Amino acid sequence: MIPSISVPLSIVGTFGVMYLLHYSIDNLSLMALAICTGFVVDDAIVVIENITRYLEAGDSPMQAALKGSREIGFTVLSMSVSLMAVFIPILLMGGIVGRLFREFAVTLSVAIAVSLCVSLTTTPMMCARFLKSEKDKKHGKLYRLLIYRRSKGIFPAARYGAHEWEHPGRPGPFIPGHAGQIKAIQRNRIE
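Just remember that the working numbering sits 6 ahead of the position in the sequence shown, which is counted from 1.
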């Protein structure tokens, strides 16, 4: 849940900086935003995993968020700075190509910088608020049912029963299994 909040937050922050720089939303800036989505998710997940490690060790959510973000902060910072350094040569290109790709490089670098800020500030705050320590976790009946070894066959049987009830007499799944054959059809246009 936390990465699904931090990704749009980083993208919206990037749109704000693009607006301040008078950049339009064209193909290159949209491509930069599509590429940076992976970097944004990566920053958030690295921080969350480190905080989760402290939660599993028994720390309170607030202590885990403080320890985890302090410990991994320099790593996330160095990752982000090295990613932004990749785009410096694109910023220094001259001519029409340089002007064309400058918006791409700046958008990507800004998105990575905003992601860095979000992953070091907002992500630990959300982890402290939303994640629970191992001793505070309470699982419901469905979780216990899924964990219980003997109940593993119930769900495939229920799925098969629902299929038979919905489509009586229809043999098997909608997509047939692999028959071990490859069919190729070529049609030539004759003029």
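Cβ atoms here follow ideal geometry from the backbone N, Cα and C, with glycine treated the same way.
This one's a predicted model, so the numbers in the text were calculated from it and none came from an experiment.
The Cβ atoms of residue 121 and residue 86 lie closer than 8 angstroms to each other. Under the three-state reduction of DSSP output, residue 38 falls in the helix class. Within its own chain, the residues whose Cβ lies closer than 7 angstroms to the Cβ of residue 114, once the five positions on either side in sequence are excluded, are 38, 41, 42 and 93, listed in chain order. Contact annotation: the segment 10 to 27 does not touch the segment 72 to 92, with fewer than three C-beta pairs closer than 8 angstroms. With at least 16 other beta carbons inside 10 angstroms of its own, residue 130 counts as buried. Under the 8 angstroms Cβ criterion, the segment 21 to 40 counts as touching the segment 98 to 118, having at least three qualifying pairs.
Contact between the segment 74 to 86 and the segment 51 to 60 is present, with at least three C-beta pairs closer than 8 angstroms. If the five residues before and after residue 69 are omitted, its C-beta is found closer than 8 angstroms to the C-beta atoms of 60, all from its own chain and listed in chain order. Residue 78 and residue 164 have their C-alpha atoms some 45 angstroms from each other. Annotation: the continuous alpha helix (DSSP H) that includes residue 117 extends over 101 to 136.
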